[in-house]
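Read the structure below first, then the notes.
Protein chains: 2
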Amino acid sequence: MRENFHQQLEHLKDQLLTMALQVDRSVGDAVQSYVQNDLNLGQRVLGAELEIDRMEREIDRYALELLAMEQPMAIDLRFILAVMRINSDLERVGDQASNIAERLHEVHRSPRVDLPVDIDALGVHARKMLTLSMQAFQEGNSELAETVMGMDDEIDQLARQAFSSLSRVIGEQPLAAPQALNALLVTRILERVADHATNIAEDVIFWQRADDVRHNAHRQ
Amino acid sequence: MRENFHQQLEHLKDQLLTMALQVDRSVGDAVQSYVQNDLNLGQRVLGAELEIDRMEREIDRYALELLAMEQPMAIDLRFILAVMRINSDLERVGDQASNIAERLHEVHRSPRVDLPVDIDALGVHARKMLTLSMQAFQEGNSELAETVMGMDDEIDQLARQAFSSLSRVIGEQPLAAPQALNALLVTRILERVADHATNIAEDVIFWQRADDVRHNAHRQ
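Order-wise, the sequence lines are chains V and A.
With the numbering used here, the residue at position 37 of the first sequence is 37, and numbering never jumps.
Take any residue in the second sequence, count from 1 to its spot, add 1000: that is its number in the numbering used here.
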């Protein structure tokens, strides 16, 4: 019976890892669609959101069933709760990917202007945080989770630089304003992806250490 | 014993309602501080965030204890899970209030310009959604929760209008660009507050109906 229960937990874990792969692919596609002005790729991101939503519901239902039927204690209880939280964060990352794809619709007909912001680099950094946070989940590795939490400052700084350089463009080249505004919103969206990765890392630590690290991450 | 358990659930509910009042006050203060350029009030919002974070941890710990000790079934289990999710959404609303207060720091020295956006009205609408979603939680009222979910379209529309009129200002009056940009980010923040209120309404329905309404809200 308990053996079976642990197989069920493994199955739950696999489901969440599969969803994470899909979500990460969507973020990558969304950034590429935006940077390369590729409306078809943007469309694929919007289609994938439905599949991500379906996965979220399935994982939540399965986790709830395990909670109700097995009445797990201690670390197993924390594991299932962590899965439910991570599930919710991953789904919101999927929403962010769609938000980027929708931004593309607003600008794809405008002539491209050179903007002093490296959306690609921001996307790479945000996805790296996401991948590492899910690797920490896969391995139950709280040290790696702590590393992810430390990476948040860097993306905040990249986003702050983007804000000030895009403001400058907007002031100096009013015709570039709509595109610069859009790029600004995309940087905020990628900042939120990184925030979700940080939440995931916190949940890994909660699961592993029974330790609520939220809001204490940067206190020493 | 079970009587005692239901008292504990009531206590958990009261704690969450108390937290919601504090979060709502912070959003109200944040909007006022921004609209009235009141740095002291903005400071109060940043201070309140620490208290909100403390409340979140306490509620989460208590909910986890109830899950582990009482091994609740069916509607009680769903209630505790809904509390944990709402708790997390409320804390993120508190973060949004702080984000608004931080935006104020960036603009409070600039001369004020008249912008074609009614931040006050957006704030009122977002807070109304938050208050009604928590009333639905207090009453276990899933009809009211559905009403809240229907209010999301209106705020999306207000935010879309704000985006296009602020873009226009930025194109026509480059000197007003930094303030218009800031106002734009504040409208996005208030849109996110409304999103969290929608999440809360969904959790009320999940608790009451065992029905996962997420992503089905607008399908008929």
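Even glycine gets a Cβ: it sits at the ideal position worked out from N, Cα and C.
Quick check on A/Leu-1181 - is its C-beta less than 8 angstroms from some C-beta in chain V?
yes
Is the beta carbon of A/Glu-1051 sitting closer than 8 angstroms to the one on A/Gln-1022?
Taking a C-beta distance under 8 angstroms as the contact criterion, A/Glu-1051 and A/Gln-1022 qualify as a contact pair.
Any beta-carbon of chain A closer than 8 angstroms to the one on V/Arg-188?
yes
Span of the alpha helix (DSSP H), counted from its first residue to its last, around A/His-966
Nothing about residue 966 of chain A can be read from this structure; chain A reaches only from 1001 to 1220.
Establish whether the CB of A/Pro-1111 and some CB of chain V are separated by less than 8 angstroms.
no
Is there at least one Cβ from chain V nearer than 8 angstroms to A/Ile-1086's Cβ?
no
Applying a beta-carbon distance threshold of less than 9 angstroms, which residues of chain V neighbour A/Pro-1174?
Going along chain V in sequence order, the residues near A/Pro-1174 (Cβ under 9 angstroms) are Ile-170, Gly-171, Glu-172, Gln-173, Pro-174, Ala-177.
For the region 1057–1086 of chain A, enumerate the residues whose C-beta is nearer than 8 angstroms to any C-beta of chain V, in chain order.
Arg-1057, Asp-1060, Arg-1061, Leu-1064, Leu-1067, Ala-1068, Gln-1071, Met-1073, Ala-1074, Leu-1077, Arg-1078, Leu-1081, Met-1084, Arg-1085
Candidates V/Ile-75, V/Ser-26, V/Asp-89, V/Asn-37: closest to V/Asn-199 by CA position:
Minimum Cα distance to V/Asn-199 is reached at V/Asp-89.
Could you tell me the alpha carbon to alpha carbon distance between A/Glu-1143 and V/Val-117, rounded to whole angstroms?
46 angstroms
On the criterion of 16 or more Cβ atoms from any shown chain inside 10 Å, does V/Glu-65 qualify as buried, or is it exposed?
V/Glu-65 comes out exposed.
Does DSSP put A/Met-1151 in a helix, a strand or coil?
coil
Would V/Leu-67 be called buried (16 or more neighbouring beta carbons within 10 Å of its own) or exposed?
buried
Report, in whole angstroms, the separation of the C-beta atoms of V/Ala-63 and V/Val-31, which I expect to be a contact under 8 angstroms.
Between V/Val-31 and V/Ala-63 the Cβ distance is about 30 angstroms, and since that is not below 8 angstroms, they are no contact.
Residue nearest to V/Val-113 in terms of C-alpha spacing, selected from V/Asp-53, V/Gln-138, V/Ala-74, V/Ala-183:
Nearest option by C-alpha distance: V/Ala-183.
Do A/Ala-1201 and A/Met-1149 count as a contact pair if the criterion is CB distance below 8 angstroms?
yes
Please identify the residue among V/Glu-91, V/Asp-53, V/Leu-17, V/Asp-195 whose C-alpha is closest to the C-alpha of V/Glu-139.
V/Leu-17
Range of the contiguous alpha helix (DSSP H) that encloses A/Arg-1054
1039–1070
Return the Cβ separation of V/Leu-115 and V/Val-169 in integer angstroms, given the expectation that the two are a contact with Cβ distance under 8 angstroms.
6 angstroms
Check whether the region 1158–1166 of chain A touches the region 151–167 of chain V, taking contact to mean three or more Cβ pairs, one atom from each stretch, closer than 8 angstroms.
no
Assigned exposure category for A/His-1105 - 16 Cβ within 10 Å defines buried:
exposed
Output the boundary residues of the alpha helix (DSSP H) element that contains A/Leu-1115.
Element bounds for A/Leu-1115: n/a, residue is neither H nor E.
Nonlocal neighbours in the same chain, by C-beta distance under 7 angstroms from A/Ser-1044, ignoring five residues either side:
This sequence places Arg at residue 1044 of chain A; Ser is not what is there. These residues qualify, in order along the chain: Asp-1029.
Below 8 angstroms on the Cβ atoms is my guess for A/Val-1035 versus A/Phe-1137; work out the distance and round it to an integer in Å.
About 28 angstroms; that fails the 8 angstroms criterion.
Would DSSP call A/Gly-1171 helix, strand or coil?
DSSP places A/Gly-1171 in the helix class (H, G or I) of the three-state scheme.
If you run the structure through DSSP and keep just helix, strand and coil, what is A/Ser-1133?
DSSP places A/Ser-1133 in helix when its eight states are reduced to three.
Tell me which residues share the same chain as A/Gln-1015 and place their Cβ nearer than 8 angstroms to its Cβ, disregarding the 5 neighbours each side in the sequence.
Counting only Cβ-Cβ distances below 8 angstroms, and skipping sequence neighbours, we find Met-1055, Glu-1058, Ile-1059, Tyr-1062.
Report the three-state DSSP secondary structure of V/Gln-140 (helix, strand or coil).
The sequence as given places Gly at residue 140 of chain V; Gln does not occur at that position. Of the three classes helix, strand and coil, the one that applies to V/Gly-140 here is coil, per DSSP.
Own chain, CB closer than 7 angstroms to V/Leu-224, minus 5 neighbours either side, in chain order
Examination of residue 224 of chain V is not possible in this model, given that chain V is present from 1 through 220 alone.
May I have the straight-line CA-CA distance separating A/Glu-1010 from A/Thr-1147, to the nearest angstrom?
25 angstroms
Hey, could you find the ends of the alpha helix (DSSP H) V/Gln-36 is sitting in?
Per DSSP, V/Gln-36 belongs to no alpha helix (DSSP H) and is neither H nor E.
Does the separation of the CB atoms of V/Glu-70 and V/Phe-5 fall below 8 angstroms?
Yes.
What residue from A/Gly-1171, A/Phe-1079, A/Asp-1038 has the CA that sits closest to A/Gln-1208's CA?
Per the Cα distances, A/Phe-1079.
Please report the residue range of the alpha helix (DSSP H) in which V/Ala-201 lies.
177–209
Under a CB-based cut-off of 8 angstroms, is A/Ser-1167 close to chain V?
yes
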